[in-house]
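Okay, so here's the structure we're looking at.
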């Protein structure tokens, strides 16, 4: 089974013509859970945008840029929850950017399908 083709759609988040992102981002309204290494409980947040490369979310917690963790995203338009390893790429107060790390074929397919759906709404 081949990997899904890379999406060729325009992001609704393009700030200007100079913005260069590997994948377009799409507004989303999904649940997010963050699992830190060794933590007993997940931190819960709200996923604000999604792309094939990562997610943007609002989360009350204190995460460090560069920190590796596991995230789980769920809710429409995902067909089922996706749990993946991620890295904190940026932070502004309670707003975080997470980059996916080494997605499986199944994870990438689910996220790509969600992005394609969100591109149409």
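Numbering (UniProt numbering), first residue to last: 1 to 121. Backbone N, C-alpha and C define an ideal beta-carbon position, used for all residues, glycine too.
Selection 32, 105 and 64 evaluated against residue 50 yields 32 as nearest (Cα-Cα). Membership of residue 113 in any beta strand (DSSP E) is not indicated; the residue belongs instead to the alpha helix (DSSP H) covering 105–120. Taking C-alpha positions only, residue 110 is separated from residue 80 by approximately 8 angstroms.
For residue 79, the three-state secondary structure derived from DSSP is coil. In the DSSP assignment, residue 53 falls outside any beta strand (DSSP E) and carries neither an H nor an E. CA-to-CA, the gap between residue 61 and residue 75 works out to about 21 angstroms.
Here residue 98 is not near residue 112, since their CB atoms are 8 angstroms or more apart.
In this structure residue 70 touches residue 35 by the C-beta definition: roughly 4 angstroms separates them, less than 8 angstroms. Residue nearest to residue 24 within the set 78, 89, 52 and 93 is 52 (criterion: CA-CA distance). Nearest Cα to residue 54 within the set 82, 44, 41 and 37: 82. DSSP links residue 86 through a beta bridge to 69 and 100. Residue 100 and residue 114 have their C-alpha atoms roughly 15 angstroms apart. In the DSSP annotation of this structure, the continuous segment of the beta strand (DSSP E) that includes residue 28 starts and ends at 26–35.
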